[in-house]
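Residue numbers (the numbering used here): 26 to 108.
From the three backbone atoms N, C-alpha and C, an ideal C-beta is built for every residue, glycine too.
None of the values given here were measured: they were computed from a predicted structure.
What follows is one structure encoded as structure tokens, with my remarks underneath.
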Amino acid sequence: MVKVLSKFKMEFNNSVNTAIVAAFGFLIALSWRDLIIEWVNLISAYSPLQGQLISTVIITVISVVGIIITTKVFSPKKVEAKS
């Protein structure tokens, strides 16, 4: 029973940690989105469609890089058995 509760506590802590990190990530993403949109609007005053395309590409690239980094950081570490 103690082992089950310990595992539950560990999983619960992992879930709470994931939720908190996701919330901070969402907040950061919104801030960057606003900055990128303002920057792109400044650059592309002549063609709004081109500006939307540029901001979408920039946000996508930043998001993909962020996903790759967080996947590597939070992936379970492999423990090699010594022979």
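Residue i and residue j closer than 8 Å at C-beta
i, j, result
"I92", "I61", "no"
Same chain, Cβ closer than 7 Å to residue i, neighbours up to 5 away in sequence not counted
i, result
"V65", "G76, I79 and S80"
"R58", "I84"
Residues of its chain near residue i, where Cβ-Cβ distance is below 8 Å and the 5 sequence neighbours each way are ignored
i, result
"I68", "G76 and I79"
"S100", "none"
Among the options, nearest to residue i - alpha-carbon criterion
i, options, result
"S88", "A70, F37 and S56", "S56"
"T95", "K34, T43, K32 and K28", "T43"
Inset, instruction - Give, in chain order, every unbroken run of the beta strand (DSSP E) that is at least 3 residues long and sits entirely within the stretch 52–84. - result: Those beta strand (DSSP E) runs which fall completely within the stretch 52–84 and span 3+ residues do not exist here.
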